[in-house]
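Everything on this sheet refers to the single structure shown next.
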Amino acid sequence: RLARVAQAGIDELTSWKHLANAVAPDDKREMLFHSLKQQAQIEQARMENGLSILASVGSTAPFIGLFGTVWGIMNALKNITAMGSASLDVVAGPIGEALIATAIGIATAVPAVLAYNYFLRKVRLSAATMDNFASAFHLLVLKSRIKND
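The letter at position 44 of the sequence shown is residue 44 when you use the UniProt record's numbering, and the numbering goes up by one with no holes.
Right, dumping it as C-alpha coordinates:
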(Lines of atoms letter the chains of each structure in order from A and count residues from 1; the text may use other names and numbers.)
(Lines give C-alpha, C1' and ligand atoms only; values in the text may rest on other atoms or scores of the structure.)
Protein backbone atom coordinates (compact mmCIF):
# COMPACT_ATOMS: atom_id res chain seq x y z
CA ARG A 1 0.00 0.00 0.00
CA LEU A 2 2.69 2.48 0.95
CA ALA A 3 4.66 1.50 -2.13
CA ARG A 4 1.71 2.41 -4.36
CA VAL A 5 1.33 5.76 -2.59
CA ALA A 6 5.05 6.39 -3.04
CA GLN A 7 4.83 5.34 -6.69
CA ALA A 8 1.99 7.83 -7.25
CA GLY A 9 4.19 10.57 -5.80
CA ILE A 10 7.19 9.53 -7.88
CA ASP A 11 5.04 9.38 -11.02
CA GLU A 12 3.78 12.88 -10.30
CA LEU A 13 7.31 14.17 -9.76
CA THR A 14 8.45 12.50 -12.98
CA SER A 15 5.63 14.13 -14.92
CA TRP A 16 6.98 17.54 -13.88
CA LYS A 17 9.98 17.10 -16.16
CA HIS A 18 7.64 17.34 -19.14
CA LEU A 19 5.93 20.43 -17.77
CA ALA A 20 9.12 22.49 -17.56
CA ASN A 21 8.11 25.95 -16.37
CA ALA A 22 4.55 25.77 -17.71
CA VAL A 23 3.17 25.20 -14.20
CA ALA A 24 3.83 27.40 -11.19
CA PRO A 25 5.71 25.83 -8.24
CA ASP A 26 2.70 26.26 -5.94
CA ASP A 27 0.54 24.40 -8.45
CA LYS A 28 3.09 21.60 -8.66
CA ARG A 29 3.06 21.22 -4.88
CA GLU A 30 -0.72 21.13 -4.96
CA MET A 31 -0.68 18.53 -7.73
CA LEU A 32 1.72 16.35 -5.75
CA PHE A 33 -0.38 16.66 -2.61
CA HIS A 34 -3.55 15.63 -4.44
CA SER A 35 -1.82 12.78 -6.24
CA LEU A 36 -0.61 11.32 -2.94
CA LYS A 37 -3.97 11.84 -1.26
CA GLN A 38 -5.88 10.29 -4.16
CA GLN A 39 -3.73 7.15 -4.13
CA ALA A 40 -4.06 6.85 -0.34
CA GLN A 41 -7.85 7.01 -0.73
CA ILE A 42 -7.76 4.34 -3.44
CA GLU A 43 -5.75 2.09 -1.14
CA GLN A 44 -8.15 2.69 1.74
CA ALA A 45 -11.10 1.76 -0.47
CA ARG A 46 -9.31 -1.47 -1.41
CA MET A 47 -8.76 -2.32 2.25
CA GLU A 48 -12.39 -1.60 3.12
CA ASN A 49 -13.63 -3.97 0.43
CA GLY A 50 -15.55 -6.79 2.12
CA LEU A 51 -16.05 -5.05 5.45
CA SER A 52 -19.67 -4.30 4.57
CA ILE A 53 -20.35 -8.04 4.26
CA LEU A 54 -19.03 -8.64 7.77
CA ALA A 55 -21.09 -5.73 9.08
CA SER A 56 -24.22 -7.04 7.37
CA VAL A 57 -23.74 -10.58 8.68
CA GLY A 58 -23.04 -9.29 12.18
CA SER A 59 -26.13 -7.12 12.23
CA THR A 60 -28.62 -9.44 10.50
CA ALA A 61 -27.68 -12.87 11.89
CA PRO A 62 -29.35 -12.28 15.28
CA PHE A 63 -32.57 -11.34 13.50
CA ILE A 64 -32.45 -14.46 11.37
CA GLY A 65 -31.91 -16.45 14.57
CA LEU A 66 -34.83 -14.63 16.16
CA PHE A 67 -37.00 -15.46 13.15
CA GLY A 68 -36.09 -19.14 13.59
CA THR A 69 -36.96 -18.85 17.28
CA VAL A 70 -40.38 -17.38 16.53
CA TRP A 71 -40.96 -20.05 13.88
CA GLY A 72 -40.06 -22.83 16.33
CA ILE A 73 -42.33 -21.43 19.05
CA MET A 74 -45.18 -21.11 16.53
CA ASN A 75 -44.70 -24.79 15.65
CA ALA A 76 -44.72 -25.69 19.34
CA LEU A 77 -47.99 -23.78 19.82
CA LYS A 78 -49.45 -25.44 16.73
CA ASN A 79 -48.50 -28.86 18.15
CA ILE A 80 -50.11 -27.98 21.49
CA THR A 81 -53.30 -27.00 19.66
CA ALA A 82 -53.28 -30.17 17.53
CA MET A 83 -52.60 -32.50 20.46
CA GLY A 84 -54.72 -30.66 22.97
CA SER A 85 -52.00 -30.85 25.62
CA ALA A 86 -48.77 -29.11 26.49
CA SER A 87 -46.80 -32.19 27.44
CA LEU A 88 -43.04 -32.19 27.14
CA ASP A 89 -42.98 -34.58 24.20
CA VAL A 90 -45.28 -32.24 22.23
CA VAL A 91 -43.28 -29.02 22.72
CA ALA A 92 -39.71 -30.27 23.25
CA GLY A 93 -38.86 -30.72 19.55
CA PRO A 94 -40.07 -27.33 18.27
CA ILE A 95 -38.69 -25.47 21.31
CA GLY A 96 -35.34 -27.22 20.83
CA GLU A 97 -35.32 -26.14 17.18
CA ALA A 98 -36.11 -22.59 18.29
CA LEU A 99 -33.18 -22.58 20.70
CA ILE A 100 -30.86 -23.98 18.03
CA ALA A 101 -31.93 -21.19 15.65
CA THR A 102 -31.13 -18.62 18.33
CA ALA A 103 -27.74 -20.20 19.02
CA ILE A 104 -26.86 -20.27 15.30
CA GLY A 105 -27.79 -16.60 14.94
CA ILE A 106 -25.61 -15.62 17.89
CA ALA A 107 -22.78 -17.95 16.87
CA THR A 108 -22.76 -16.33 13.43
CA ALA A 109 -23.10 -12.72 14.58
CA VAL A 110 -20.46 -12.64 17.30
CA PRO A 111 -17.47 -13.74 15.16
CA ALA A 112 -18.63 -11.50 12.30
CA VAL A 113 -18.81 -8.45 14.57
CA LEU A 114 -15.45 -9.25 16.16
CA ALA A 115 -13.84 -9.72 12.73
CA TYR A 116 -15.44 -6.51 11.45
CA ASN A 117 -14.10 -4.50 14.39
CA TYR A 118 -10.65 -6.08 14.05
CA PHE A 119 -10.36 -5.36 10.33
CA LEU A 120 -11.89 -1.91 10.64
CA ARG A 121 -9.20 -1.04 13.17
CA LYS A 122 -6.53 -2.38 10.81
CA VAL A 123 -7.95 -0.29 7.95
CA ARG A 124 -8.00 2.85 10.08
CA LEU A 125 -4.43 2.31 11.27
CA SER A 126 -3.27 1.67 7.71
CA ALA A 127 -5.12 4.75 6.48
CA ALA A 128 -3.43 6.86 9.15
CA THR A 129 -0.06 5.37 8.22
CA MET A 130 -0.65 6.17 4.55
CA ASP A 131 -1.70 9.73 5.38
CA ASN A 132 1.41 10.21 7.52
CA PHE A 133 3.58 8.74 4.77
CA ALA A 134 2.00 10.99 2.13
CA SER A 135 2.59 14.03 4.34
CA ALA A 136 6.21 13.02 4.97
CA PHE A 137 6.76 12.41 1.25
CA HIS A 138 5.25 15.78 0.38
CA LEU A 139 7.34 17.53 3.04
CA LEU A 140 10.51 15.84 1.82
CA VAL A 141 9.84 17.05 -1.72
CA LEU A 142 9.15 20.56 -0.47
CA LYS A 143 12.40 20.61 1.51
CA SER A 144 14.41 19.31 -1.42
CA ARG A 145 12.86 21.93 -3.72
CA ILE A 146 13.75 24.69 -1.27
CA LYS A 147 17.37 23.49 -1.17
CA ASN A 148 17.51 23.29 -4.97
CA ASP A 149 15.96 26.73 -5.55
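Beta carbons: idealized from backbone N, C-alpha and C, even for Gly. Predicted, not measured: the structure shown is a model, and the values here were computed from it.
Query	Result
If distances are taken between C-alpha atoms only, which option among Ala-92, Ala-55, Pro-62, Ala-61 comes closest to Ile-73?	Ala-92
Closer than 7 Å by C-beta to Lys-37: which residues in its own chain qualify, once you throw out the five before and the five after it? Chain order, please.	Ala-134
Can you list the alpha helix (DSSP H) stretches of 4 or more residues lying completely in the UniProt domain "MotA/TolQ/ExbB proton channel" (5-131), in chain order?	25-48, 51-83
Please return the same chain residues whose Cβ sits closer than 8 Å to the Cβ of Arg-124, not counting the five positions on each side in sequence.	none
Going along the chain, which residues of its own chain have a beta-carbon closer than 7 Å to the beta-carbon of Leu-139, five neighbours each way excluded?	none
In chain order, what residues of the same chain lie with their CB nearer than 7 Å to the CB of Phe-137, ignoring the 5 residues before and after it?	Ala-6, Gly-9, Leu-36
Is it buried or exposed for Ala-112, if we count other Cβ within 10 angstroms and need 16 for buried?	buried
Decide if the stretch 74-86 is in contact with the stretch 17-27; the criterion is three or more beta carbon pairs, one per stretch, under 8 Å apart.	no
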